[in-house]
Each structure stands twice: as structure tokens, then as C-alpha cells.
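>
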Amino acid sequence: MSTTDKTKARLEVRQAKLKDVPDIAELVRRAYVDLPPYKLGEIRGQLNNYRQGCFVAKLDGVIVGYCASMRLKANVAMSDHSWDEVTGNGFGSRHDPTGDWLYGYEMCVDPKVRGTRIGRRLYEERRALAERLDLSGIVFGGRMPNLANAMRRKRNRAEGPEDYLEKVVDNKIHDPVLRFQLANGFEPQGILENYLPEDKRSKAFAVRMVWRNPYVDADAPRKHRLPRDVESVRIATCQLQARAVSGFDEFMRHVEYFVDVASDYESDFILFPELFTLMLLSAEEKELSPIEAIEALSEYTPKIRQKLSELALNYNINIIGGSHPTRMDDGDIHNVAYVCLRDGSIHAQEKIHPTPNEAYWWNIKGGDSIDAIPTDCGPIGVLICYDSEFPELARRLVDEGARIIFVPFCTDSRQGYMRVRYCAQARAIENQCFTVLSGNVGNLPNVANMDIQYAQSCILTPCDFPFARDGIAAEASENVETLTISDVNLADLSWARAEGTVRNLADRRFDLYQIEWDKRVGQISPRIGEAEAEAAGQDAAPRGPHTPGGG
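Each residue of the sequence shown is one higher than the last, beginning at 0 in numbering that gives the first Met the number 0.
And the structure:
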């Protein structure tokens with residue numbers, strides 16, 4: 000090989016991307032065989048909440064290292080806390096963009112690449128980030144993986160975590176994790192009790208490790224304020240008139256009309272109502288029974304997905320396709336929202352909570368997972384009607400980074416509509432996010448479950464100074480077909496979360512309560528802070544197939 004020949008770099012250290020999530024999850028499984036693995040939603044949340052603080056190392060095309068960090072104020076970072084509390088149960092959702100400390104809560108390296116100093120490189124990325132942002136420094140809870148053994152010894156026994164730490168600092172006991180961190184300029188600043196109960200080797204203790212930025216005056220640290228930026232997103236919500244159609248093509252012409260108009264207004268999103276495809280049943284020769292109706296609708300699923308995706312591409316707009324009954328691979332019918340993005344990708348979000356009516360007449364089953372959906376305008380979430388009345392779902396979506404939650408609904412009465420609306424407004428306030436509602440109006444012949452509909456579609460905001468006076472960015476007139484469009488500023492959410500009159504997300508009491516999802520279907524798995532891997536080597540009964548009250 001000549002001296003002018005070049006070879007491709009084998010090692011790359013860079014900011015983590017959403018496409019890396021599955022590989023990061025697999026890396027964590029390899030690195031921490033004695034601890035529960037992450038779920039994909041947790042890692043997505045870490046990246047969505049503060050991508051800037053998450054890095055991966057790739058060696059020969061394989062991700063072999065990962066670290067996750069967030070910004071926190073000193074009163075949080077330097078307080079006594081557990082890993083669950085400080086990370087928002089693993090999602091990194093307590094990131095504060097005005098925080099003056101970088102808090103590291105994950106660092107793992109593939110045991111197979113020990114000796115390549117991957118951990119040191121990831122630490123250097125953190126340090127460079129802290130210096131670039133003029134932060135006061137870096138803090139994390141460091142493991143003590145030899146503590147349990149040291150407290151059982153007869154010779155050179157450690158009497159407790161404080162004694163153990165002192166002996167490690169004095170080189171009387173070897174701890175590969177702490178020695179690695181000390182060698183990288185971190186200083187111990189006390190013991191954190193019950194930091195990670197699952198960490199039996201450390202007896203749930205951790206050492207608060209601190210690195211102070213030498214370029215920041217410790218006696219006069221820089222105050223970080225969040226600028227009132229503009230991150231504008233234009234949202235259209237379609238209040239759709241139920242009408243008889245001759246078939247699929249005529250139905251899609253009505254849908255395309257509103258997509259076209261929203262696109263002409265350069266909207267980024269358009270939302271359609273829950274069960275908006277039910278008007279396809281008006282093309283049937285006779286009124287179908289509930290089971291027959293569901294079967295007939297489900298047969299349209301491939302065509303619905305394909306056509307909505309084509310429209311999203313052709314009109315350069317992200318389409319939230321209300322919801323459509325769909326037969327799943329296991330034979331169950333689910334109520335599914337198809338989200339077709341303008342890049343051609345298609346995402347599906349199932350309704351988690353079928354209403355009593357849906358379950359009884361249509362035998363619709365609830366889905367088992369809910370996740371934020373990545374778009375070119377940031378992560379979004381979908382809560383189909385009744386789901387908006389369960390606050391745990393919205394909280395999970397926001398923990399994963401969603402800032403807009405779309406709520407397609409189908410209600411027959413004002414009471415049912417107001418339940419959905421009031422709950423959606425509550426979700427916007429308590430999660431400091433935007434919620435967007437879209438409902439059906441009118442009625443259909445030969446479709447018993449669409450005999451009357453009530454809707455007032457709207458775009459709702461939190462209630463604070465940057466937002467509309469009543470927390471309503473825009474709303475439609477009641478019970479008329481229309482398209483409602485409004486601009487929202489996502490940067491206002493960031494400001495409100497960090498510096499607003501109230502800060503619902505930041506002020507959650509993680510020391511008192513948390514949401515745990517059944518681990519069989521996908522939920523919160525406790526994780527740890529810093530890596531051992533690197534340091535070790537480096538209502539009434541329903542009267543028919545109708546939607547009383549809605550949901």
C-alpha cells in the first residue's frame with residue numbers, strides 16, 4: 000500500500016441517533032448481564048429529551064459504547080436522590096435546558112472491547128460538551144461494584160460505603176470503577192444511599208462523583224437562561240362531515256380535498272377523526288351487523304395505509320389518519336391510528352382503552368404499547384379518544400419526548416365530547432405540551448353507529464404567559480365541516496418547562512410516585528449510572544353498535 004492510500008476509520012464517536020436505539024439496547028444487554036435491560040422507549044426518551052448529551056462509540060460498524068447525560072440545576076444534581084428520581088424513571092425527562100451541571104446517568108461499554116479506551120473517549124465527549132456550554136461541571140452517581148465483597152471479608156474489611164470509599168482512595172482496596180473515574184479527574188463528594196436498589200454488588204450505594212469545569216468561576220457561575228426562540232409548527236385539524244359515499248375512491252376524494260387545502264396552507268400536520276373510515280359502510284347494499292361491519296372495514300386496511308401514505312408524500316404533509324378498525328395477526332380487532340409521514344414512513348398507534356361499547360358490540364381489543372413517533376417536527380404522540388382520559392398514557396409519551404399529542408375522537412353527545420376535551424386540556428397543562436383534537440359531525444344512512452355526532456375540533460395549549468389566553472390556540476365552530484389551522488411554537492414549551500410560572504414536569508415527586516408499566520409488554524426497567532464494563536478493563540348499557548358518550 001502506498002503512502003498516499005487511505006483506509007476508513009475504524010472508530011467513530013458521535014452523537015447518538017434514533018436509528019441507533021435497537022443497537023444501544025442490545026449493547027446494554029451485553030454490558031449489564033446482572034441488571035434488567037432498557038426498553039426501547041426509555042432510550043428513545045433519553046435521546047429525544049436531550050440528544051446533545053447522548054453519545055455512541057462505533058468500532059468497525061458496531062456500537063460498542065453509549066453514554067447518556069442531561070442538564071440539571073445544582074439543587075437537583077447535588078441533592079440526595081436515587082437513579083429513578085433523577086432520571087425520571089430512566090427516560091431522561093428531568094432534563095433542564097437552563098441547568099448548569101451536566102448529569103451523567105448512563106455509561107456502558109461492550110466487555111469485548113476492553114482495552115480500547117472507549118469509556119475514556121465518551122468521558123471526553125461529555126467534558127467537551129460541558130466546556131462548550133460553560134457549565135459548572137459534570138456529576139453522576141458512580142457504582143461501587145466490589146463493596147458487597149469487601150464488607151464480607153475478614154482481612155482488610157470495609158465497614159461500610161464511607162470506609163470502602165476511603166480505602167479505595169488510599170489504594171488499600173481496588174475498585175475498577177472508582178479508580179477509573181478518579182483517574183479521569185472526578186472527585187468523590189459523598190455517598191448516595193439507595194441509589195439503585197437492583198445493584199446488589201454495590202449494596203444500592205453510589206458515590207457522587209464531580210468534575211468541575213476549570214473555565215468557569217466556581218464562585219460566580221454563569222446563569223443559563225433559555226432564549227425565547229421560535230420553533231414554529233403549523234397544524235391543521237379536520238372536522239369531517241359524515242356522508243354517504245359510493246365506495247373507496249369517493250371516500251378518499253373527500254379526504255384528499257382536505258389534505259390538499261391543508262398543504263396549500265403549508266401545514267406540517269393534518270389530523271382526521273377517530274373512525275373516520277366508517278363512512279365506507281354507507282357503500283354497502285344493506286346495513287351490516289356490528290361484526291360484519293368490522294370485517295368489511297378491516298378489509299380496507301391495506302388500501303387505507305397505501306393511499307394515506309401516497310397523499311403524505313405527494314402533498315408534503317404529515318397525516319394522522321384518525322383511526323381505522325384493523326384485524327391484527329392474532330385475529331383480534333384493534334382500533335388503529337395510521338400516521339403517514341411525508342418521508343414515506345408509516346407508523347401505527349393502537350387504541351389502548353376500548354370503550355365499553357367498542358368492546359361489547361365490536362369486540363375491539365386494546366393495544367399493549369404506546370410510544371412517541373419521530374417526525375421531521377420532533378416526536379409526537381397519538382391518544383385515540385378515550386385514551387386521552389387516562390393521564391398515564393400522555394405522561395409516557397411526553398417522557399419519550401413528545402411535544403404534540405394528537406387526539407382523534409368520535410362522540411355522539413356534548414357530554415361525551417366535553418369529557419374528551421376537558422381531559423385533553425388537562426393533558427396539555429400537566430405535561431406542558433400541545434394537544435390537537437379532531438372529531439366527526441353529521442350522520443350516515445345504513446350505519447347505525449354513526450346516526451349522530453357532536454364535535455368541536457380544537458388545538459389546545461398549556462396555560463401560561465407564552466400561550467393563548469384561554470389555552471386555546473384555535474377551535475372550530477360546533478358541528479360543521481371545516482378545517483382549523485394554527486401555528487404553535489414548540490420553543491414556548493421548552494421555555495415554560497424551564498422558566499414558566501409553574502413547571503409541572505420538573506416538579507413531579509419522583510421520590511413519592513412513579514408509573515411502572517408491566518415489563519411483559521414493555522416498561523420501565525431500572526438502570527444504572529456509570530459503567531462497570533469500561534472500568535473493569537477500562538357509563539348506561541349500550542343500545543346497539545353506537546358510540547354513546549364517545550371514546
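Cβ coordinates follow ideal geometry from the N, Cα and C atoms, glycine included.
Count the C-beta pairs between the segment 79 to 87 and the segment 6 to 25 that are closer than 8 Å, then say yes if the count reaches three, no if not.
no
> So, for Ile-319: in the same chain, excluding its five sequence neighbours on each side, which residues have a beta-carbon less than 6 Å away from its beta-carbon?
Leu-270, Val-338 and Phe-405
> Taking all protein chains shown into account, decide if Ser-308 is buried (16 or more other Cβ within 10 angstroms of its Cβ) or exposed.
buried
> Ignoring anything shorter than 3 residues, give me the beta strand (DSSP E) runs that lie fully in the segment 320 to 374, in order along the chain.
332 to 339 and 345 to 349
> So, helix, strand or coil for Ala-295, using DSSP?
helix
> Starting from Arg-178, trace the beta strand (DSSP E) in both directions and tell me its first and last residue.
Here Arg-178 belongs to no beta strand (DSSP E); instead the alpha helix (DSSP H) covers 175 to 182.
> For Tyr-49, which of His-94, Lys-72 and Leu-459 has the nearest alpha-carbon?
His-94
> Taking the alpha-carbon positions, what's the Arg-445 to Gly-321 distance?
Just to set this straight, residue 445 is Asn in the shown sequence, not Arg. Rounded to whole angstroms, Asn-445 to Gly-321 spans 22 Å at the Cα level.
> Taking Cβ positions, are Val-63 and Leu-26 nearer each other than 8 Å?
yes
> Anyone know if the C-beta pair for Pro-144 and Asp-99 falls short of 8 Å?
Between Pro-144 and Asp-99, the gap from beta carbon to beta carbon reaches 8 Å or more.
> Quick one: grab the DSSP three-state call for Arg-526.
With a pLDDT of 41 at Arg-526, under the threshold of 50, the modelled position of that residue is not reliable, and no figure is offered here.
> Among residues of its own chain, excluding the 5 on either side of Ser-266, which ones have a beta-carbon nearer than 8 Å to its beta-carbon?
For Ser-266, where only same-chain residues beyond five positions count, the Cβ hits under 8 Å are Arg-233, Ile-234, Ala-235, Ile-316 and Ile-484.
> Could you give the DSSP three-state label for Trp-494: helix, strand or coil?
helix
> Inspect the CB distances between the segment 117 to 136 and the segment 152 to 163 and report whether three or more fall short of 8 Å.
no
> According to DSSP, simplified to helix, strand and coil, what is Ile-318?
Here Ile-318 carries a strand assignment [DSSP, helix/strand/coil].
> Alpha carbon to alpha carbon, how far is Lys-7 from Lys-57?
13 Å
> For Gly-189, name the three-state secondary structure that DSSP assigns.
If DSSP states are grouped into helix, strand and coil, Gly-189 belongs with the strands.
> Look at the alpha carbon of Gly-44 and the alpha carbon of Leu-287, and state the distance between them as a whole number of angstroms.
44 Å
> By Cβ distance below 6 Å, which residues in the same chain neighbour Gly-366 in space, the five residues on each side in sequence not counted?
The residues are His-333, Glu-349 and Ile-351.
> Alpha carbon to alpha carbon, how far is Leu-46 from Gly-441?
Between Leu-46 and Gly-441, the C-alpha separation is close to 43 Å.
> Excluding sequence positions up to five away, which residues of its chain have a Cβ less than 8 Å from the Cβ of Ile-172?
In chain order, Asn-145, Ala-149, Asn-155, Ala-157, Tyr-163 and Lys-166 place their CB closer than 8 Å to the CB of Ile-172, counting only its own chain and leaving out the 5 sequence neighbours on each side.
> Is the distance from the Cβ of Leu-392 to the Cβ of Asp-398 below 8 Å?
Taking 8 Å as the cut-off, the beta carbon of Leu-392 is found no closer than this to the beta carbon of Asp-398.
> Following a CB-centred definition, is Gln-45 positioned closer than 7 Å to any heavy atom of the ligand SAM?
Questions concerning the ligand SAM fall outside what the structure shown contains, since it holds no ligand whatsoever.
> Which runs of the beta strand (DSSP E) fall wholly inside the segment 396 to 476 and span at least 3 residues, in chain order?
Fully enclosed beta strand (DSSP E) runs of 3 or longer: 403 to 408, 433 to 441, 457 to 459 and 471 to 474.
> Tell me which residue opens and which closes the beta strand (DSSP E) that Asn-74 is part of.
First-last for Asn-74: 73 to 76, but that is the alpha helix (DSSP H), not the beta strand (DSSP E).
> Among Met-417, Gly-400 and Ala-454, which one has its Cα closest to the Cα of Gly-40?
Gly-400
> Going by Cα to Cα distance, which pick from Gly-140, Ile-303 and Gly-136 is closest to Thr-325?
Considering only alpha carbons, the answer is Ile-303.
> Output the boundary residues of the beta strand (DSSP E) element that contains Asp-486.
481 to 488
> Going by beta carbon distance, what residues of the same chain come within less than 8 Å of Leu-492, once the five residues before and after it are set aside?
Close CB contacts of Leu-492 within its chain, under the 8 Å cut and outside five residues either way in sequence, are with Arg-402, Gln-431, Cys-432, Phe-433 and Pro-461 (chain order).
> Starting from Gly-136, follow its DSSP beta bridges and name the residues at the other end.
Trp-100 and Arg-211
> Starting from Arg-13, follow the beta strand (DSSP E) in both directions and report where the run begins and ends.
10 to 14
> Please return the same chain residues whose Cβ sits closer than 7 Å to the Cβ of Asp-19, not counting the five positions on each side in sequence.
Val-55 and Ile-62
> How should Gly-60 be labelled, buried or exposed, when 16 other C-beta atoms within 10 angstroms of its C-beta is the threshold for buried?
Classification of Gly-60: exposed, given that the 10 Å Cβ count is below 16.
> Which same chain residues end up closer than 6 Å to Gln-180 when comparing Cβ atoms and leaving out the 5 residues on each side of it in sequence?
Gly-141 and Met-208
> From the DSSP output, in three-state form, read off Val-520 for me.
Residue placement at Val-520 is poorly supported in this model, since its pLDDT is 49, which falls under 50; the coordinates are not used for a value here.
> Does Gln-240 come out as helix, strand or coil in the three-state DSSP assignment?
Secondary structure of Gln-240 (DSSP, three-state): strand.
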